[in-house]
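Colleague:
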Amino acid sequence: MSLSWENLTLDERRRRVEIADEKYRLLMRGVPHDDLERWLVYEQAEDTKHMLKTNDVLALLDTQNTKRLAAYRKAGMPAVMIKGVWHYDMELVLDWATKNGAPINRRVLRAYSGA
3 MSLSWENLTL
13 DERRRRVEIA
23 DEKYRLLMRG
33 VPHDDLERWL
43 VYEQAEDTKH
53 MLKTNDVLAL
63 LDTQNTKRLA
73 AYRKAGMPAV
83 MIKGVWHYDM
93 ELVLDWATKN
103 GAPINRRVLR
113 AYSGA
């Protein structure tokens, strides 16, 4: 046990274990290691207005098929469920789509970028 761990209170230790569990859960969902802290903030945030919802991502990825979107999430597209609703970070979705050959609707992308 490290010295820093020994100096923590029981509540602080529990909180660190909870954070580690959350990070592991996000990793298993396909969130890249470098983006874990960012997704933890999103999950704990009350204001998710800056994030894309399912309909936005369907338009961005040029599909109307929610099953395809679910398959993309299963294949590693970063997404986080907050209060029962899927949320997406546009930059992470675009990175994932580019790396995995998913179609991107450039017209919709320009509309989001211009907003």
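The sequence shown: position 64 = 66 (the working numbering), numbered continuously. No residue lacks a Cβ here, since even glycine has one placed at the ideal position from N, Cα and C.
Using 8 Å as the cut-off, can you tell me whether the segment 21-33 makes contact with the segment 72-80, which would need three or more C-beta pairs spanning the two stretches below that distance?
Modeller: yes
Colleague: Starting from the N-terminal side, write out each stretch of the alpha helix (DSSP H) that is 4 residues or longer and does not extend beyond the segment 6-88.
Modeller: 12-30, 38-46, 56-62, 68-76
Colleague: Cutting at 8 Å between CB atoms, please list the residues of its own chain near residue 35, excluding the five before and the five after it.
Modeller: 29
Colleague: Can you give the Cα-Cα distance for residue 41 and residue 22, rounded to whole angstroms?
Modeller: In this structure, the CA atom of residue 41 is about 13 Å from the CA atom of residue 22.
Colleague: Identify the continuous alpha helix (DSSP H) that holds residue 99 and give its terminal residues.
Modeller: 92-102
Colleague: CB-CB under 7 Å to residue 105, same chain, minus the five flanking residues each way: which ones, in chain order?
Modeller: 63, 64
Colleague: Please say whether residue 60 and residue 89 have beta carbons closer to each other than 8 Å?
Modeller: no
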